[in-house]
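Have a look at the structure below before the remarks.
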Ligand code: HEM
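Protein chains in written order, with my numbering: chain A, 1 to 127; chain B, 1001 to 1339.
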């Protein structure tokens, strides 16, 4: 092989970089879903739990637009019809009072950084 | 026609995943087995292809020269476009790989009335190719959040830069928009320009559609057809720690996305996409133009059978003399008793 040394070295770098996730996690504890502190005084969320997991950001986005731009401040559960106020801090964080043990646990694990908290102030989680 | 075949091929792939993982519920096959097979085939295929290239002989320097070569001291050499040293080659390769320098020289040929032939600079291909590749790289690196725990700061920083416009929720990534626009340009270029359409094959359209399919399914998953990303991370972390498992709640859209990615990985080593490895091995770029400075011995020279002039003359001297040709050694005086 011509310049065989250089080609093999290049390939080694390529394989090493591409398999990065396979060796980066060696030695770390096996990944488990983040442990969430669920509200004690409530049984259910504004919507079904599975739906909330996937869609809560979309829901919040809709709430924000509807509450601020259109002035609709009440949200009705799609199944039970239970009514909630469309508010980030006054609804979500009323039940999920400890943001750092609920929202943040998931978000940190997935490196999600909602910018909402640039303006909105989360309760201190002293409950 | 070629474009439409390729498009339908990608649709068929989506359908396979839709039926297999969605309707058929074969989550383990589509979420674990196929991705593993794809990664193994990709790495092994890539390495084998590069080694096969490496084995081809390069006895002589064949760089394309795009500037003044090394010459007399008062003639200025173009050290990057016609390098004569290893450092020059390294610089040349760096600009080629990082900035697509040779695409920057892309030209357009036009025939005007007259007939007059005109050449014009054409930078669009360079621009969109650059945008496309850097978006792809950024998206690829951002995906590492699904494969690492804890997520290294570098990838988090990349995310916040990419999402800096903070449009919508989940916030819109710039690279998502750019890659769709750029890939669409690359496709339209092939159908709109007649000369390019003429040389375009399914092997050109298929990877474009496949990548567009991957990108669009990813965008769909992020912004429209949502799925539980925490479960997705459980799945992906299972893959990279070799404890594969299929958690509840991962949507079909995820399996479509991953199936298309697996197909891309498997297709990669067999296709023109190997230019990713090939660019490093292009002898027209990665060799110094020092043909006249160094002796380049053809290494597979076998001992050549030589027939020297002396031996030739010895063999044919009589005939040469007969024909009146000059000879170096005169014919030996034969005893003239032939009458
Ligand atoms: C060729 C490589 C790939 C490309 C070009 C690609 C492209 C994309 C794009 C453009 C998005 C939209 C959101 C974003 O930009 O982050 C996306 C999202 C996503 N991709 Fe990929 N992808 C690739 C490989 C993978 C692989 C190997 C997996 C997992 C096994 C994966 C899982 C996901 C998931 C879960 C999302 C949704 C993320 C979210 O909702 O925030 N992708 N992909």
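Where a beta carbon is used, it is the ideal one built from N, C-alpha and C, also for glycine.
Extent of the continuous alpha helix (DSSP H) run through residue i
i, result
"residue 1121 of chain B", "Careful: residue 1121 of chain B lies outside any alpha helix (DSSP H), inside the beta strand (DSSP E) at 1116-1121."
"residue 1039 of chain B", "1034-1055"
"residue 1159 of chain B", "1153-1162"
"residue 35 of chain A", "It is not in any alpha helix (DSSP H) - residue 35 of chain A carries neither H nor E in the DSSP assignment."
"residue 18 of chain A", "4-18"
"residue 1176 of chain B", "1174-1192"
"residue 103 of chain A", "103-109"
"residue 1317 of chain B", "1309-1322"
"residue 1093 of chain B", "1086-1099"
"residue 1214 of chain B", "1202-1223"
"residue 1011 of chain B", "1002-1017"
"residue 25 of chain A", "Per DSSP, residue 25 of chain A belongs to no alpha helix (DSSP H) and is neither H nor E."
"residue 1365 of chain B", "Look at the range of chain B in this structure, 1001 to 1339, and you will see that residue 1365 of chain B is not part of it."
"residue 1328 of chain B", "From DSSP, residue 1328 of chain B is part of no alpha helix (DSSP H); its letter is neither H nor E."
"residue 1304 of chain B", "Premise fails: residue 1304 of chain B is in no alpha helix (DSSP H) and is neither H nor E."
"residue 1255 of chain B", "1252-1267"
"residue 58 of chain A", "49-65"
"residue 1236 of chain B", "1229-1240"
"residue 1275 of chain B", "1275-1278"
Anticipated Cβ contact below 8 Å, residue i with residue j, distance rounded
i, j, result
"residue 1201 of chain B", "residue 1183 of chain B", "Contact doesn't hold; Cβ gap of about 18 Å is too wide."
"residue 1112 of chain B", "residue 1120 of chain B", "About 11 Å separates the two Cβ atoms, so there is no contact after all."
"residue 1085 of chain B", "residue 1311 of chain B", "Between residue 1311 of chain B and residue 1085 of chain B the Cβ distance is about 45 Å, and since that is not below 8 Å, they are no contact."
"residue 33 of chain A", "residue 1230 of chain B", "6 Å"
"residue 1035 of chain B", "residue 1258 of chain B", "6 Å"
"residue 1129 of chain B", "residue 1100 of chain B", "6 Å"
"residue 1013 of chain B", "residue 1260 of chain B", "6 Å"
"residue 1097 of chain B", "residue 1279 of chain B", "6 Å"
"residue 1017 of chain B", "residue 1256 of chain B", "4 Å"
"residue 25 of chain A", "residue 1240 of chain B", "6 Å"
"residue 1057 of chain B", "residue 31 of chain A", "Contact doesn't hold; Cβ gap of about 48 Å is too wide."
"residue 1091 of chain B", "residue 1080 of chain B", "5 Å"
"residue 1021 of chain B", "residue 1030 of chain B", "4 Å"
"residue 1317 of chain B", "residue 1327 of chain B", "6 Å"
"residue 1420 of chain B", "residue 1075 of chain B", "The structure shown does not extend to residue 1420 of chain B, since chain B is modelled only from 1001 through 1339, so no value can be given for it."
"residue 1283 of chain B", "residue 1222 of chain B", "That belief does not hold up - the Cβ atoms of residue 1283 of chain B and residue 1222 of chain B are roughly 42 Å apart, past 8 Å."
"residue 1054 of chain B", "residue 5 of chain A", "The Cβ separation is near 10 Å, so there is no contact."
Span of the beta strand (DSSP E) around residue i
i, result
"residue 1112 of chain B", "1107-1112"
Identified DSSP bridge partners for residue i
i, result
"residue 76 of chain A", "A:83"
Quiz prompt | At least three beta-carbon pairs within less than 8 Å, the region 1246-1261 of chain B to the region 1152-1167 of chain B | solution = Using a C-beta cut-off of 8 Å, the region 1246-1261 of chain B makes no contact with the region 1152-1167 of chain B, since fewer than three inter-stretch Cβ pairs fall below that distance.
Self-check item: chain A contacts from the region 1015-1045 of chain B (Cβ-Cβ distance under 7 Å)
Solution: Going along the region 1015-1045 of chain B in chain order, one finds 1043 with a Cβ nearer than 7 Å to chain A.
Quiz item: Which residues, taken in chain order from the region 1229-1250 of chain B, show a beta carbon closer than 7 Å to some beta carbon of chain A?
Solution: Those would be 1229, 1230, 1233, 1234, 1237, 1240, 1241, 1243 and 1249, in chain order.
Exercise. May I ask you to verify whether the region 91-101 of chain A touches the region 34-47 of chain A, counting CB pairs closer than 8 Å and requiring at least 3?
Key: Yes, the region 91-101 of chain A is in contact with the region 34-47 of chain A.
Self-check item: Residues in the region 53-79 of chain A having any Cβ partner in chain B nearer than 7 Å
Solution: Residues are counted here when their Cβ sits less than 7 Å from a Cβ of chain B; for the region 53-79 of chain A these are 53, 54, 55, 57, 58, 60 and 61, given in chain order.
Quiz item: When the Cβ atoms of the region 1212-1226 of chain B are set against those of the region 1177-1196 of chain B, are three or more pairs found closer than 8 Å?
Solution: The region 1212-1226 of chain B makes contact with the region 1177-1196 of chain B: 3 or more CB pairs, one atom from each, lie closer than 8 Å.
Quiz item: Between the region 1148-1162 of chain B and chain A, which residues of the former have CB atoms less than 9 Å from a CB of the latter, in chain order?
Solution: Listed by position along the chain: 1148, 1149, 1150, 1151, 1152, 1155, 1156, 1159 and 1160.
Quiz item: What residues in the region 1051-1062 of chain B bring their beta carbon closer than 9 Å to a beta carbon of chain A?
Solution: Look at the region 1051-1062 of chain B: the residues with a C-beta under 9 Å from a C-beta of chain A are 1051, 1053, 1054, 1055, 1056, 1057, 1058 and 1059.
Exercise. Please determine if the region 1095-1107 of chain B and the region 1143-1160 of chain B are in contact, where contact requires at least 3 C-beta pairs separated by less than 8 Å.
Key: Flag = no, the region 1095-1107 of chain B and the region 1143-1160 of chain B do not touch.
Exercise. Can you give me, in chain order, the residues of the region 20-31 of chain A that have a beta carbon less than 7 Å from any beta carbon in chain B?
Key: Those would be 21, 22, 24, 25, 28, 30 and 31, in chain order.
Quiz item: Three or more C-beta pairs closer than 8 Å, one from the region 1298-1313 of chain B and one from the region 39-56 of chain A: is that the case here?
Solution: Contact between the region 1298-1313 of chain B and the region 39-56 of chain A is absent: fewer than 3 CB-CB pairs across the two stretches fall below 8 Å.
Exercise. Give the residues from the region 1276-1306 of chain B that approach chain A closer than 8 Å (Cβ to any Cβ), ordered along the chain.
Key: Residues passing the 8 Å Cβ filter: 1277, 1280 and 1281.
Practice problem: State whether the region 1041-1059 of chain B contacts the region 1267-1277 of chain B, with contact taken as three or more CB pairs (one from each stretch) at a distance under 8 Å. | Solution: The region 1041-1059 of chain B makes contact with the region 1267-1277 of chain B; the number of CB pairs closer than 8 Å reaches 3 or more.
Exercise. Take every Cβ of the region 1194-1208 of chain B, pair it with every Cβ of the region 82-94 of chain A, and state whether three or more of those distances are shorter than 8 Å.
Key: At 8 Å Cβ cutoff, the stretches do not touch.
Practice problem: Could you tell me whether the region 3-23 of chain A touches the region 1183-1193 of chain B, where touching means 3 or more Cβ pairs closer than 8 Å? | Solution: No: the two stretches stay apart, fewer than three of their Cβ pairs being nearer than 8 Å.
Exercise. Could you list the residues in the region 1164-1177 of chain B with a C-beta less than 8 Å from some C-beta on chain A, going in chain order?
Key: Listed in sequence order: 1166, 1168, 1169, 1170 and 1171.
Quiz prompt | Inter-stretch contact at 8 Å, needing at least 3 Cβ pairs: the region 74-83 of chain A / the region 106-117 of chain A | solution = Segments in contact, no.
Quiz item: With contact counted as at least three CB pairs below 8 Å, one residue from each stretch, are the region 1216-1229 of chain B and the region 49-61 of chain A in contact?
Solution: Contact between the region 1216-1229 of chain B and the region 49-61 of chain A is present: 3 or more CB-CB pairs across the two stretches fall below 8 Å.
Self-check item: Stretch-stretch touch, CB-based, cutoff 8 Å, three pairs: the region 1168-1177 of chain B with the region 1123-1140 of chain B
Solution: With a cut-off of 8 Å, the region 1123-1140 of chain B and the region 1168-1177 of chain B count as touching, because enough Cβ pairs lie within range.
Quiz item: What residues in the region 1079-1101 of chain B have a beta carbon less than 9 Å from any beta carbon of chain A?
Solution: The residues in question: there are none.
Quiz item: Which residues, in order along the region 1213-1226 of chain B, keep a beta-carbon less than 7 Å from a beta-carbon of chain A?
Solution: Hits within the stretch, in order: 1226.
Exercise. Check distances from the C-beta atoms of the region 96-107 of chain A to those of chain B and list, in chain order, the residues that come in under 7 Å.
Key: Under the 7 Å Cβ criterion, the region 96-107 of chain A contributes 106.
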